[in-house]
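Undergrad: These protein sequence lines map, in sequence, to chains Z and P.
Quick note on numbering: this note's numbering labels position 434 of the first sequence as 497, and the sequence is numbered without any gaps.
Quick note on numbering: this note's numbering labels position 113 of the second sequence as 351, and the sequence is numbered without any gaps.
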Amino acid sequence: MITFYLFLVLLLIPTIWFFYGNKTAQKIKLKNGKLHSLIHYYGLFVLLYSLLPSIFVYIIILVGDDILFSYLINDYIPEKIKNSSDYNKVIVMTQIQNILDGIYFGEQPDWVKLASEKIEHWSNLSLLVNYSLTISISIIGGFLGFRRINPDLRSRNSVETIIIYVLGFSSLLAILTTVGIVFSVIFESLRFFAIIPASEFLFGLTWNPQFEGAERAGSGQEGLASYGSVPLFVGTFLISFVALCIAVPIGLYSAIYLSEYASKKERSIFKPLLEILAGIPTVVYGFFAALTVAPMLRSGGTLIGLDVASESALAAGFVMGIMIIPFVSSLSDDVINAVPQSIRDAGYALGSTKNEVVLQVILPAALPGIIGSIILAVSRAIGETMIVVMAAGLAANLSFNPLDAVTTVTAQIVTILVGDQEFESAKTLSAFALALTLIVITLILNFYALHIVKKYREQYE
Amino acid sequence: MVIMNYNNNNMDIETKTIGNIFTENPKITSRNVNVFYHDKQAINNVSLDISSKEIISLIGPSGCGKSTFLRCFNRMNDTIDGCKVEGNIVLDDQDIYHPSVDVVPLRAKIGMVFQKPNPFPKSIYDNVAYGPKIHGLASTKDELDSIVELSLKNAGLWNEVKDRLQSPGTGLSGGQQQRLCIARAIAVSPEIILMDEPCSALDPIATAKIEELIHQLGKNYSIVIVTHSMQQAARVSQRTAYFHLGELIEVGLTKQIFTTPQDKQTEAYISGRIG
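(1) So is F311 (chain P) in contact with chain Z if we call contact Cβ pairs under 8 Å?
(2) By Cβ distance below 7 Å, which residues in the same chain neighbour I203 (chain Z) in space, the five residues on each side in sequence not counted?
(3) Scan the segment 422 to 442 of chain Z for residues whose Cβ lies nearer than 9 Å to a Cβ of chain P and list them as they occur along the chain.
(4) Evaluate the contact criterion for the segment 335 to 351 of chain P versus the segment 388 to 403 of chain P: three or more CB pairs, one atom per stretch, below 8 Å.
(5) If V371 (chain Z) sits next to L301 (chain Z), beta carbons under 8 Å apart, how far is it from one beta carbon to the other, in whole angstroms?
(6) Please report the distance separating the alpha-carbon of G409 (chain P) from that of D277 (chain P).
(7) Is it the case that the Cβ atoms of S285 (chain P) and R309 (chain P) are separated by a distance below 8 Å?
(8) Hey, does I413 (chain Z) have any beta-carbon neighbour from chain P nearer than 8 Å?
(9) Assign R407 (chain Z) to one of two classes, buried (16 or more other C-beta atoms within 10 Å of its C-beta) or exposed (fewer than that).
(10) In three-state DSSP terms, what is I431 (chain P)?
(11) My output table needs one value for A468 (chain Z): the three-state DSSP class, helix, strand or coil.
(12) Does I406 (chain Z) come within less than 8 Å of chain P when only Cβ atoms are used?
(13) With distance defined between alpha-carbon atoms, name the residue in P:E485, P:G407, P:G490 nearest to T478 (chain P).
(14) Report the CB separation of G303 (chain P) from Y480 (chain P) in whole angstroms; it is logged as a contact under 8 Å.
(15) Whole-angstrom Cβ separation of E324 (chain P) and V271 (chain P), contact assumed at under 8 Å?
(16) Quick check: the Cα distance between N247 (chain P) and D380 (chain P), rounded to an integer number of angstroms?
(17) Can you name, in chain order, every residue of its own chain whose Cβ lies under 6 Å from the Cβ of V347 (chain Z), other than the five neighbours on each side?
(18) Would a C-beta distance cut-off of 8 Å place I387 (chain Z) and A454 (chain Z) closer than the cut-off?
(19) Which of helix, strand or coil does DSSP assign to P359 (chain P)?
(20) Mapping DSSP to helix, strand and coil, what is H453 (chain P)?
(21) Starting from the beta carbon of F352 (chain P), find every residue of chain Z whose beta carbon is closer than 9 Å, and list them in chain order.
(22) How about T416 (chain Z): is its C-beta nearer than 8 Å to some C-beta of chain P?
(23) Pair every Cβ in the segment 71 to 88 of chain Z with every Cβ in the segment 107 to 121 of chain Z, then say whether three or more of these pairs are closer than 8 Å.
(24) Residues in its own chain within less than 8 Å of H99 (chain Z) by CB, not counting five upstream and five downstream?
(25) Determine the chain P residues that contact E419 (chain Z) at a beta-carbon separation under 8 Å, and present them in chain order.
(26) Per DSSP, which residues does L344 (chain P) bridge with? Please list them.
(27) Can you name the residues that DSSP bridges to L191 (chain Z)?
(28) Let me know the secondary structure DSSP gives G394 (chain P) once reduced to three states.
(29) Mind listing, in chain order, the continuous alpha helix (DSSP H) runs of no fewer than 4 residues lying wholly within the segment 64 to 117 of chain Z?
(30) Check the Cβ-Cβ distances between A346 (chain P) and every residue of chain Z, and say whether any is below 8 Å.
(31) Assign I327 (chain P) to one of three DSSP states: helix, strand, or coil.
(32) Within its chain, find whatever has a CB closer than 8 Å to the CB of V144 (chain Z); leave out the 5 residues flanking it on each side and keep chain order.
(33) Does any C-beta atom of chain Z lie closer than 8 Å to the C-beta of G369 (chain P)?
(34) Please confirm if T306 (chain P) has its CB atom under 8 Å from at least one CB of chain Z.
(35) At a Cβ threshold of 8 Å, is T255 (chain P) touching chain Z?
(36) Can you pull the chain Z neighbours of M314 (chain P), defined as C-beta to C-beta under 9 Å?
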């Protein structure tokens, strides 16, 4: 509770500085008759001086103290443990943390108890230091800002500059997160490629990582585990292809209908309804695929003498296609609507029918944008996980027949990483290599989509 | 002031318009035309004849309904939601608002050039060939080629684009784009060309070229041109009609309208006091 009050104080001080800054600026204005900026910019100026450095210090200490403790605790870990062969600092830290959280069974070693007491002590100390430091910085910072108030201070310019930095920092944060994700995947993938050669992973035709454990146990099954990712990518593209065969025609036709033929009233009803499809959680699509569509296709196939696997690529692709209809239709609709009315008018004035205008004027003009929307839908289909986990099989068959059971990259990543895994084995690490390849493929697709959409934008300029 | 006008067929028309709304040899006759956008009346009881191979300009302040009236002739107002046209417009003895009329052949007969150049985002060739293609005017590629060439020549654009017919029409300059749009309109051999402020987005040199072109085209087509520029109306047209607040105030020979306007409003507009 005490931390909560301290936090309130931390927020209160800049607020007080804000009003104080405003008041002082007002006084100066009354006395001097002239100020560079509007009064509230002086308040904001002082507020930012007080707030930003204290937030910065607060976050640094909050993040930094754990790192410091982990370093300091080294002195409390017995040499015997440190020197043992399976010593792992992360596990030791977790062990200590578990005592602090009260999650432990049985008697813990004395040194662990001692270490946890130490860490608890340091944490309290750090919190105290953190708050006293940030509060004093907040007061001092506000005071420094306040001292700078004079009629010639360009507080509006300064405030705007600071705001630009805050905005820039936010976008930097988003980019850094993405970079962080990519790098974490790259590093794990590199560990995988150290065990399994990249050529085997990229061009191998059999995917069989589940024998990895048996192989390592030396149970005479050497060579059974294999990491050829080709069947997975073939399965992914097969399912995505089926999905596109459903989504592109339906999505495109409905976009044409909605933007060109539907009355305003129809449009206002149909468009939101169609977009509801995008709001359905994929897990719901998943059991729709597994429980409704797949059995239906199977019994339908039996009727006409076809052998359809109960977890066929067709079922998963069909449902995935329904899922990405709104992506295609919504984006295509936007693109078609972006075709200027003047061009439609030109078509009509030449005596075209509505169909001729749509087919020969609007669609060619909108085509690059439509292709862009389709490529975005492809990258969505490739990355889709839940539907394929539930509806597609796990058997990595190398097959181009949509009636067979195939598996996808994402489904394999899920099966590999679900449950307890040891992060040393090639099997677990292979998930990261798969993820990396998938990221690269979708990145290329997105890049092309953006490129095409951008090219399209310049058409009418 | 209500003046009873009498036309050749001795049909009675009630109109407040000053000047002679009739012509000897009408191509289009419009009688008592009213246009509504939802509840708002944009054109109020306008009657006007347009004879063949004449150039008539429609002038008036912004929002006076001249563009709306122009778009009645090729029924382009149909594409606007909530727009309703009343009255009688006859083109070559056919009521163009009769329920049995198909707008497709009608619009093929009446070309239109818009305020802003609006070439299709296709090649120069395809822009011009579009109309002949959809109306089946050419059965062979050679025929189509010659239609395209003739249209571009008549639009005074051929020499500038003959070496790059396959490059996009949107890559031309504004004035060239507008002449491309004129070539596109005349490629379907219309009888009437409607022009809705065709030079308002162009610089003086391009404007001069288009005006010269309009002058040339006037020998073969009826041209109705809406313009904001009174100099332009005076330069290109034989007759001028002055619109104000949805009514046709005065119509007459261009020379007469600009030198001795009968109506006070017309005079005020022409001398620059309204508009």
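Using N, Cα and C, we set each Cβ at its ideal position, and we do this for glycine too.
TA: Taking the geometry as given:
(1) no
(2) none
(3) In summary, the residues of the segment 422 to 442 of chain Z whose CB is separated from some CB of chain P by less than 9 Å are Q423, V424, P427, A428, in the order they occur in the chain.
(4) no
(5) So it is not a contact: roughly 14 Å between Cβ atoms.
(6) Each residue's Cα considered, the two are about 41 Å apart.
(7) Contact: no.
(8) This sequence places Leu at residue 413 (chain Z); Ile is not what is there. Judged by the 8 Å Cβ criterion, L413 (chain Z) is in contact with chain P.
(9) buried
(10) strand
(11) strand
(12) yes
(13) P:G490
(14) The Cβ separation is near 12 Å, so there is no contact.
(15) With a beta-carbon spacing of about 7 Å, E324 (chain P) and V271 (chain P) fall inside the 8 Å limit used to define contacts.
(16) Here N247 (chain P) scores only 47 on pLDDT, less than 50, and its place in the model should not be relied on; the value that follows carries that caveat. Straight-line Cα distance between these residues: approximately 46 Å.
(17) Cβ-Cβ distances below 6 Å link V347 (chain Z) to nothing in the same chain once the five nearest sequence neighbours on each side are left out.
(18) Contact check for I387 (chain Z) against A454 (chain Z) fails: the beta carbons are separated by 8 Å or more.
(19) coil
(20) If DSSP states are grouped into helix, strand and coil, H453 (chain P) belongs with the helices.
(21) Chain Z residues near F352 (chain P): S405, D408, A409, A412.
(22) yes
(23) yes
(24) Its chain contains P214, D215, L216, R217, S218, R219 as the residues whose beta carbon lies nearer than 8 Å to that of H99 (chain Z), once the 5 sequence neighbours on both sides are disregarded; these appear in chain order.
(25) I372
(26) Looking at the DSSP output, L344 (chain P) bridges to nothing.
(27) Answer is none; L191 (chain Z) lacks a bridge partner.
(28) coil
(29) 65 to 95
(30) Yes, A346 (chain P) counts as interfacial toward chain Z.
(31) strand
(32) Sequence inspection shows Ile at residue 144 (chain Z); the Val mentioned does not correspond to that position. Cβ neighbours of I144 (chain Z) beyond the five flanking positions: Y150, V155, W174.
(33) yes
(34) no
(35) no
(36) D408, Y411, A412
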